[in-house]
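Novice:
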Amino acid sequence: MAERASLVHHIEELKADAVRVGRPRVMAQFVLVMITVGWIISTLGACMPLLKYFNYAGISVFEQAALVTSAFLAAAPGIYLSQNLDEKGISSRKLVSLAMVVAALALLLAAVQPTFWALEGAVVVGGAACGAAVSAAGKYIRQIMPSTLRGRFYVIGDLGLLSGILLGLSITATWAWLNEIETVDMPSFLSGPSPLFFFPVLPALVGAGASFVGPESPVLLIRQHKGEQALAALVKIRSGSAARIAREFGRMEILASVTDETVGRRKAQYSSPRQKIMTRSAIVAAFGLHSTGVGIIFLFGIAICSWTGTSMTISVIVGMGAVACALFGLIFRVYGFLPESLALGTSRRQSLLVGGVTSIVALLALGLTFAVVVPHFWGAWTLVAAIFFAHTLIVIMVMFPASNSLTRAHTPGPVRARANATSLVVLGLSLGLFLLVADHFGAGVAFFAMAAVDALATVGVARVVPPPPQVLGRRGR
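For the sequence shown, position 325 (counting from the first letter as 1) is numbered 348 according to this note's numbering, and the numbering increases by one without interruption.
(1) Using the Cβ count rule (16 or more neighbours within 10 Å means buried), how would you classify Val484?
(2) Less than 8 Å between C-beta atoms, sequence neighbours within five positions excluded: which residues of the same chain meet that for Ile419?
(3) Secondary structure at Phe393, three-state DSSP: helix, strand or coil?
(4) With distances taken Cα to Cα, identify the nearest neighbour of Val91 among Ala305, Val146, Arg246 and Thr195.
(5) Less than 7 Å between the beta carbons of Leu219 and Thr66, yes or no?
(6) Helix, strand or coil for Cys70 per DSSP?
(7) Relative to the alpha-carbon of Ala466, which residue among Arg303, Arg48, Ser329 and Ile277 has its alpha-carbon at the smallest distance?
(8) Count the other CB atoms, across all protein chains shown, that sit within 10 Å of the CB of Gly101; report buried if there are 16 or more and exposed otherwise.
(9) Would you report the Cα separation of Lys162 and Ala444, rounded to the nearest angstrom?
(10) For the alpha helix (DSSP H) holding Lys162, just list the boundary residues, first then last.
(11) Look at the alpha carbon of Val488 and the alpha carbon of Ser428, and state the distance between them as a whole number of angstroms.
(12) What alpha helix (DSSP H) runs, 4 residues minimum, are completely inside the stretch 310-339?
(13) Please work out which residues of its chain come closer than 7 Å, Cβ to Cβ, to Pro72, disregarding the five sequence neighbours upstream and downstream, and give them in chain order.
(14) Any chance the stretch 336-345 sits against the stretch 185-200, with 3 or more Cβ pairs inside 8 Å?
(15) What is the DSSP secondary structure of Glu276, reduced to helix, strand or coil?
(16) Which term fits Phe321, buried or exposed, when burial requires 16 or more other beta carbons within 10 angstroms of its beta carbon?
(17) Here's the rule: buried if 16 or more other CB atoms are within 10 angstroms of the residue's CB, otherwise exposed. What is Trp200?
(18) Do the CB positions of Ser382 and Thr315 come within less than 7 Å of each other?
(19) For Val236, count neighbouring C-beta atoms within 10 Å of its own C-beta (all shown protein chains included) and say buried if the count is 16 or more, exposed if not.
(20) State whether the stretch 468-482 contacts the stretch 385-401, with contact taken as three or more CB pairs (one from each stretch) at a distance under 8 Å.
(21) By Cβ distance below 7 Å, which residues in the same chain neighbour Leu121 in space, the five residues on each side in sequence not counted?
(22) Can you tell me the Cα-Cα spacing of Ala233 and Leu406, whole angstroms?
(23) Quick check: the Cα distance between Leu479 and Ala425, rounded to an integer number of angstroms?
(24) How would you label Ser83, buried or exposed, when you count the other beta carbons within 10 angstroms and need 16 or more for buried?
(25) Taking three-plus beta-carbon pairs below 8 Å as touching, is the stretch 241-260 in contact with the stretch 270-277?
(26) Please name the residue, chosen from Ala152, Ala155 and Pro398, that lies closest to Thr331 on a Cα-to-Cα basis.
(27) To the nearest angstrom, report how far apart Ile516 and Val119 are at their CA atoms.
(28) Below 7 Å CB to CB, which residues in the same chain sit around Trp543 once its five sequence neighbours on both sides are set aside?
(29) What is the residue span of the alpha helix (DSSP H) that Leu219 lies within?
(30) Looking only at C-alpha atoms, which of Ile410, Arg303 and Ile58 sits nearest to Ile505?
(31) Can you look up Val488 in the DSSP assignment and give me helix, strand or coil?
(32) Just checking: is the beta-carbon of Ala98 within a distance shorter than 7 Å of some beta-carbon in chain B?
(33) Report the residue from Pro238, His414, Gln106 and Glu251 whose alpha carbon sits nearest the alpha carbon of Leu386.
(34) Which same chain residues, not among the five before or five after Ala89, have their C-beta less than 8 Å away from its C-beta?
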């Protein structure tokens with residue numbers, strides 16, 4: 024008791040002399056990083072199928088598929104690298120800063136030398152840097168913010184990523200549209216895709232600088248046996264009474280000690296039956312989410328709509344509208360703006376199954392549209408747009424929160440790394456294969472193949488993800 028009173032008194036002394044950093048600044052730093060990463064990823068993904076609109080020749084469809092796939096496959100090792108460096112006591116704040124600088128250099132390479140091998144090197148390096156930045160930023164914000172706000176910052180991170188994807192897609196689409204309509208006499212150095220890679224460089228460097236000068240994580244300082252510095256850092260970023268800050272410092276000490284003590288025992292911990300179920304459920308949920316084709320709609324929606332024969336203007340509106348639907352759907356779902364009848368208060372397993380089955384229907388409908396409707400009817404883009412919007416809203420509002428709950432809130436760090444890496448691998452492969460199949464066999468066959476993969480993923484969810492405890496209890500009785 025005397026020790027606690029002494030700690031509270033010491034905190035009051037530190038508060039008198041401390042220069043407060045403030046939670047809004049840390050939040051702005053985190054949001055900037057997430058938006059920039061989403062912007063970079065959408066540029067690397069959405070730019071490739073639109074190269075023909077930039078009067079840019081020399082890169083085949085196979086090479087476009089390889090570039091898009093490489094960007095997302097490279098992000099998976101970036102996530103693992105961030106996880107391993109965190110376990111070794113490397114600062115997540117500094118890792119975010121370094122990753123953003125590397126991503127900026129990769130973008131400059133792609134802008135200056137837009138040949139296939141230069142682009143391949145840029146997307147591999149940039150993808151790995153983005154994966155490391157997202158993972159490290161999540162760890163940093165989880166350690167530095169109060170535990171009661173952890174779920175809120177997960178949501179803010181998701182909103183930042185979706186906003187960055189929408190921003191990058193909007194700029195890419197607008198640039199392709201300007202190049203196609205040729206109403207603006209653009210200089211030769213602006214007529215290709217190079218400016219698209221230049222645009223995110225400045226936000227990436229600003230995010231790197233903001234992360235570098237930001238406050239260090241008190242948890243990391245405690246793990247490095249710098250308790251006094253950790254307490255001073257905590258006082259700078261926390262408001263409230265000294266007693267409240269003392270309780271938060273105690274929580275961080277526990278978090279740091281658990282991290283140190285369990286690194287050597289994780290193999291035994293993860294071999295337990297319960298942890299195996301959690302790991303398999305998280306990985307299958309991530310696989311199921313990205314088998315729905317929503318990522319393909321986000322990044323390739325403009326190109327897919329243009330395959331119906333409609334104008335580039337309409338294709339741009341439909342493609343950006345799909346991402347906007349996802350963004351607003353997530354906001355409405357998370358912040359409870361929906362009526363109770365539409366809230367779908369089901370278990371995570373049921374939400375994943377509902378989203379998976381709905382996605383199968385939507386993908387089959389898209390396949391039939393391109394196989395039957397597009398060859399005979401001019402206005403087929405309206406049907407494609409309607410399916411895009413409905414599919415995106417349902418997956419984001421029903422399936423996305425359930426998958427994130429399994430892969431984030433209810434799993435330890437290494438399991439999250441595996442699940443997130445799995446989702447990126449599935450997304451990257453699906454993007455590349457979709458481009459190849461659509462080029463050789465048509466969009467209808469590509470969507471039918473996606474529906475088959477989604478059906479397998481939905482069956483996997485049904486078999487692996489356990490029912491909620493109440494259901495198990497009723498069955499037992």
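Cβ atoms here follow ideal geometry from the backbone N, Cα and C, with glycine treated the same way.
Model, not experiment: these values are computed from the prediction.
Specialist: The relevant details are as follows:
(1) Buried, because 16 or more other Cβ atoms sit within 10 Å of the Cβ of Val484.
(2) Cβ neighbours of Ile419 beyond the five flanking positions: Val317, Cys348, Ala349, Gly352, Leu353 and Arg356.
(3) Reduced to three states, the DSSP call for Phe393 is helix.
(4) The closest CA to that of Val91, considering only Ala305, Val146, Arg246 and Thr195, is found on Val146.
(5) Cβ distance < 7 Å, so Leu219 and Thr66 count as in contact.
(6) Three-state result, Cys70: coil.
(7) Nearest in C-alpha terms to Ala466, of all of Arg303, Arg48, Ser329 and Ile277, is Ser329.
(8) Looking at its Cβ environment, which holds 16 or more other Cβ atoms inside 10 Å, Gly101 is buried.
(9) One C-alpha to the other measures close to 15 Å.
(10) In this chain, the alpha helix (DSSP H) harbouring Lys162 covers Phe139 to Ile167.
(11) Spanning the two alpha carbons is a distance of roughly 12 Å.
(12) 317-329, all fully within the stretch 310-339.
(13) The answer, listed in chain order, is Gln87, Phe323, Ala326 and Leu458.
(14) Contact check between the stretch 336-345 and the stretch 185-200: three or more CB pairs, one atom from each, fall below 8 Å, which counts as touching.
(15) Collapsing the DSSP output to three states places Glu276 in a helix.
(16) Classification for Phe321: buried.
(17) Here Trp200 is buried: its Cβ has 16 or more other Cβ atoms, across all protein chains shown, within 10 Å.
(18) In this structure, Thr315 lies closer than 7 Å to Ser382 by Cβ.
(19) The residue is exposed, with fewer than 16 neighbouring Cβ atoms inside 10 Å.
(20) Yes: at least three Cβ pairs fall under 8 Å.
(21) So no residue of the chain qualifies.
(22) Ala233 and Leu406: Cα-Cα distance of roughly 45 Å.
(23) Cα-Cα distance, rounded: 18 Å.
(24) With fewer than 16 Cβ atoms within 10 Å of its Cβ, Ser83 is classed as exposed.
(25) Touching, yes, given that three or more Cβ pairs across the two stretches are closer than 8 Å.
(26) Answer by Cα proximity: Pro398.
(27) Residue 516 lies beyond the residue range present for the chain, which begins at 24 and ends at 500; the question has no answer from this structure.
(28) The question about residue 543 has no answer, for the chain in this structure spans 24 to 500.
(29) For Leu219, the enclosing alpha helix (DSSP H) covers residues Ser217 to Phe221.
(30) Any answer about residue 505 is impossible in this case: the structure gives the chain only from 24 up to 500.
(31) Here Val488 sits in coil by DSSP.
(32) Chain labels in this structure do not include chain B; a single protein chain is all it has.
(33) That would be His414, whose Cα lies nearest to the Cα of Leu386.
(34) Glu143 and Gly455.
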